[in-house]
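> Before anything else, here's the structure in question.
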Amino acid sequence: MAQIRKKGTRETPAMSTTSLPDIIFILLFFFMAVTSMKEVTYKVKVSPPSATEIQKLENKSLVRYIYVGEPMRDFREQYGTSTRIQLNDQFADIADLEQFITLERSAMKEEDQNVMTVSIKADKDTKMGIITDIKQALRRAYALKIVYQAGARKAF
Amino acid sequence: MARKLSPINASSMADISFLLLIFFLVTTSMNVSTGLTRRLPPPLPPDQQPQDIDINKRNLFVVKINSMNQLLVQGEELDIRDLKEKAKEFIQNKSNDPDLPARFSKEFDLLGTMEYTKEHVISVGNDVDTQYQTYIDVQNELVAAYNELRNELAKDKFGKAFEECDEQQQKVIQEVYPQKISEAEPKNYGGTN
Chain Z
1 MAQIRKKGTR ETPAMSTTSL PDIIFILLFF FMAVTSMKEV TYKVKVSPPS ATEIQKLENK
61 SLVRYIYVGE PMRDFREQYG TSTRIQLNDQ FADIADLEQF ITLERSAMKE EDQNVMTVSI
121 KADKDTKMGI ITDIKQALRR AYALKIVYQA GARKAF
Chain R
157 MARKLSPINA SSMADISFLL LIFFLVTTSM NVSTGLTRRL PPPLPPDQQP QDIDINKRNL
217 FVVKINSMNQ LLVQGEELDI RDLKEKAKEF IQNKSNDPDL PARFSKEFDL LGTMEYTKEH
277 VISVGNDVDT QYQTYIDVQN ELVAAYNELR NELAKDKFGK AFEECDEQQQ KVIQEVYPQK
337 ISEAEPKNYG GTN
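In structure tokens, the structure reads:
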């Protein structure tokens, strides 16, 4: 519609902010899509070892995690300070591991069951004894694809 | 005459979505999991004792880590910084040393005839008290040895890094340098216990 401009002082029109919510929403959706909620609440203290030749873990839905480390301060009274295993949200023993893997595997889609990866997220000061036990249990459970979680580092 | 409706004030919409955005920023963690991938050997049948597979001694590269995180490589004490070079020397066997793995000639798809040590095995053993970080360091150095060899070959033959090669080229290079790091059956290698 044509308007006849009135004579007088010209004002710069206020900038339209109607598209601002849309922009923010796009940002919001981006963050919702790329981030994942924290998997579990840690009950053990884990600071992973570092390495240089690390690979990115692909396809997170195929990965199950085993946490190994000393119990957090809140749990020390109950569980002591020796290294423990955490599966999902609770402490576990080596003996529970096989059943855990079997359960997790049967909960997966059939075509994914063979490509299940188990990620061992262990503290860098862990003794290898417990890791070896975990590895043996994983072998018995036929979870042969494993990842030793490690952070990045530049050479020595 | 229709009454003119005043448009709903939507300026607070931006604030609401900002709040949501900040909530998601705070609650989510952008952690990318990274690590060293390994494949475990299938389990032994329960009635079978672990038996020593007969591997020619020259084809075997033994790395043992004791409870004090010291390395014994091929019967000699070695610093972890020298492990990569030693492993590369073993995998390649450039000088055709009779103590290092046997070399075989084979016709490869894109590379032509090449000699490679197809029967070599790297075995990593550790003590119960070995620190996890040291074990990862050793695994890491061995993987690094393979990666460097692959890179060298890729640079030599295709003029670019292994990562930049296409799928077929990568596959051929992996055939020349297959990663053979075996996880030994657990044993106790002398220590404090």
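Residue numbers (the numbering used here), protein chains in the order written: chain Z, 1 to 156; chain R, 157 to 349.
Where a beta carbon is used, it is the ideal one built from N, C-alpha and C, also for glycine.
Here the structure is a predicted model, which means the values were calculated and not measured.
#1: For L234/R, which residues from the same chain have a beta carbon less than 8 Å from its beta carbon, with the 5 sequence-adjacent residues on both sides left out?
#2: For Q248/R, does the three-state DSSP call read helix, strand or coil?
#3: When DSSP labels each residue in this structure, what does N88/Z get in the three-state scheme?
#4: Buried or exposed: where does V34/Z fall if 16 or more other Cβ atoms within 10 Å of its Cβ makes it buried?
#5: Report yes or no: do three or more beta-carbon pairs, one from the stretch 44 to 60 of chain Z and one from the stretch 17 to 24 of chain Z, lie closer than 8 Å?
#6: Which residues in chain Z sit within 7 Å of I292/R, going by Cβ to Cβ distance?
#7: Using a Cβ-Cβ cut-off of 9 Å, state whether T348/R counts as contacting chain Z.
#8: Residues of the stretch 262 to 296 of chain R with a CB closer than 9 Å to any CB of chain Z: list them in chain order, please.
#9: Would a C-beta distance cut-off of 9 Å place M128/Z and D285/R closer than the cut-off?
#10: For S189/R, which three-state DSSP category applies?
#11: Where does N212/R land, buried or exposed, given buried means 16+ other C-beta within 10 angstroms?
#12: Take the Cβ of F179/R as the centre, count every other Cβ of all protein chains shown within 10 Å, and call the residue buried at 16 or more, exposed below.
#13: Name, going along the chain, the residues of the stretch 298 to 323 of chain R whose beta-carbon falls closer than 8 Å to a beta-carbon of chain Z.
#14: Quick check: the stretch 237 to 254 of chain R against the stretch 295 to 308 of chain R, are at least 3 beta-carbon pairs closer than 8 Å?
#15: Given this structure, state the Cα-to-Cα distance separating T92/Z from G69/Z, to the nearest angstrom.
#16: Tell me the rounded alpha-carbon separation between D203/R and T41/Z.
#17: Check whether the Cβ atoms of I131/Z and Y288/R sit closer than 9 Å, and answer yes or no.
In terms of the structure at hand:
#1: By 1-based counting over the second sequence, the position of residue 234/R is 78. Excluding sequence neighbours, L234/R sits near L227, L228 and K242.
#2: The residue labelled residue 248/R in the question sits at position 92 within the second sequence. Note: Q248/R maps to helix in three-state DSSP.
#3: Stepping through the first sequence from its first residue, residue 88/Z is reached at position 88. Coil at N88/Z, not helix or strand.
#4: On the first sequence, residue 34/Z is found 34 positions in, with the first residue counted as 1. It counts as exposed.
#5: no
#6: Within the second sequence, numbered from 1, the residue matching residue 292/R stands at position 136. Chain Z residues near I292/R: P49, A51, Y148 and A150.
#7: Here residue 348/R is taken as the residue at index 192 of the second sequence, counted from 1. Residue placement at T348/R is flagged as unreliable, the pLDDT there being 42, under the threshold of 50; a coordinate-derived value is accordingly withheld.
#8: N282, D283, V284, D285, T286, Q287, Y288, Q289, T290, Y291, I292, D293, Q295 and N296
#9: Your numbering for residue 128/Z matches position 128 in the first sequence. Your numbering for residue 285/R matches position 129 in the second sequence. Yes, the Cβ-Cβ distance between M128/Z and D285/R is below 9 Å.
#10: Here residue 189/R refers to the residue found at position 33 of the second sequence. Of the three classes helix, strand and coil, the one that applies to S189/R here is coil, per DSSP.
#11: For the purposes of this step, residue 212/R is taken as the residue at position 56 of the second sequence. N212/R comes out exposed.
#12: Counted from its first residue, the second sequence places residue 179/R at position 23. Exposed, because fewer than 16 other Cβ atoms sit within 10 Å of the Cβ of F179/R.
#13: V299, A300 and N303
#14: yes
#15: For this step, residue 92/Z is matched to residue 92 along the first sequence. For this step, residue 69/Z is matched to residue 69 along the first sequence. It should be pointed out that residue 92/Z corresponds to Ala in this sequence rather than to Thr. If I take the Cα positions, the gap works out to 12 Å.
#16: As a first step, residue 203/R is located in the second sequence; it is residue number 47 there, counting from the start. As a first step, residue 41/Z is located in the first sequence; it is residue number 41 there, counting from the start. Roughly 40 Å separates the two Cα atoms.
#17: As a first step, residue 131/Z must be located in the first sequence, where it is residue number 131. As a first step, residue 288/R must be located in the second sequence, where it is residue number 132. Result yes, Cβ atoms of I131/Z and Y288/R sit closer than 9 Å.
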